[in-house]
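Residue numbers (the working numbering): -13 to 238.
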């Protein structure tokens, strides 16, 4: 399984500023605890055409993804229908989901709440310990409600169920003072070619005492240690003074 997880956050209210997203920071911390990272993150509106297109793209990737929002029964809750469309399967009443919803709401399940049991055919349920209305998994996607207090225990269950804990990647960073990116691009290119198994980053900034660059490498511990030693040696040969920013830390 790919060690990263994509995030699809659904809600026009987030894009308009009426709500602040809490899923990204919470999910990033949660994934890190299991040794996984965020592969990508999309925030999309409650618009059928856009949601269909983004779900179809997400489902075409090898990367698993978590989707948050749009599982209710109001006209702007489009995720269940769009997920079925994107997967190329029918939307149908899930017997176990129907039983859970009827048990939770009794006669009040009809005529609206019961619609939340209409899921992509063959979907696997994700238990919801807050109100028993389940989320679902289909293909490489895991779908949760938009309420963070519900999504957190549900996504934790998915991680425990389907994502074996793994050692977090290691990240190491160095700081170069009085350095400009343009002067270092050939070095960066040759370094990345020599170490294809690590992730490289370059973050320039401008301070009162001149330009500086933070360079980082991330990946498996042994690969990071070897790559960082090589990077520092290359930089010293060019006459740069290298400062390590902090002890290497674990990342998702």
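The beta-carbon is built from N, C-alpha and C at its ideal position, and this holds for glycine as well. From a predicted model like this one, the values you see are computed outputs, not experimental measurements.
Residue i - partner residues in DSSP beta bridges
i	result
residue 186	203
residue 158	203
residue 127	51 and 124
residue 228	162
residue 191	198
residue 111	122
Nearest neighbour of residue i, chosen from the options [CA to CA]
i	options	result
residue 200	67, 227 and 130	227
residue 208	141, 183 and 194	183
residue 213	125, 170 and 185	185
residue 189	61, 75, 161 and 221	161
residue 225	169, 180, 203 and 195	169
residue 140	128, 150 and 151	128
residue 135	13, -1, 1 and -9	13
residue 173	153, 219 and 142	219
residue 22	-4, 171, 196 and 146	146
residue 181	121, 222, 216 and 38	216
residue 119	155, 176, 179 and 56	56
residue 63	52, 80, 91 and 104	104
residue -2	24, 37, 195 and 25	37
residue 5	229, 153, 133 and 204	133
residue 84	122, 52, 68 and 187	122
residue 27	-9, 60, 19 and 0	-9
residue 99	61, 166 and 72	61
Residue i in three-state terms, based on DSSP
i	result
residue 181	coil
residue 92	helix
residue 80	coil
residue 198	strand
residue 57	coil
residue 217	helix
residue 75	coil
residue 106	strand
residue 116	coil
residue 152	coil
residue 172	helix
residue 4	coil
residue 134	helix
residue 139	helix
residue 98	coil
Buried/exposed call for residue i, threshold 16 Cβ in 10 Å
i	result
residue 148	exposed
residue 125	buried
residue 164	exposed
residue 40	buried
Extent of the continuous beta strand (DSSP E) to which residue i belongs
i	result
residue 30	23 to 30
residue 64	First-last for residue 64: undefined, no H or E at that position.
residue -5	-10 to -4
First and last residue of the uninterrupted alpha helix (DSSP H) at residue i
i	result
residue 10	9 to 20
residue 36	34 to 46
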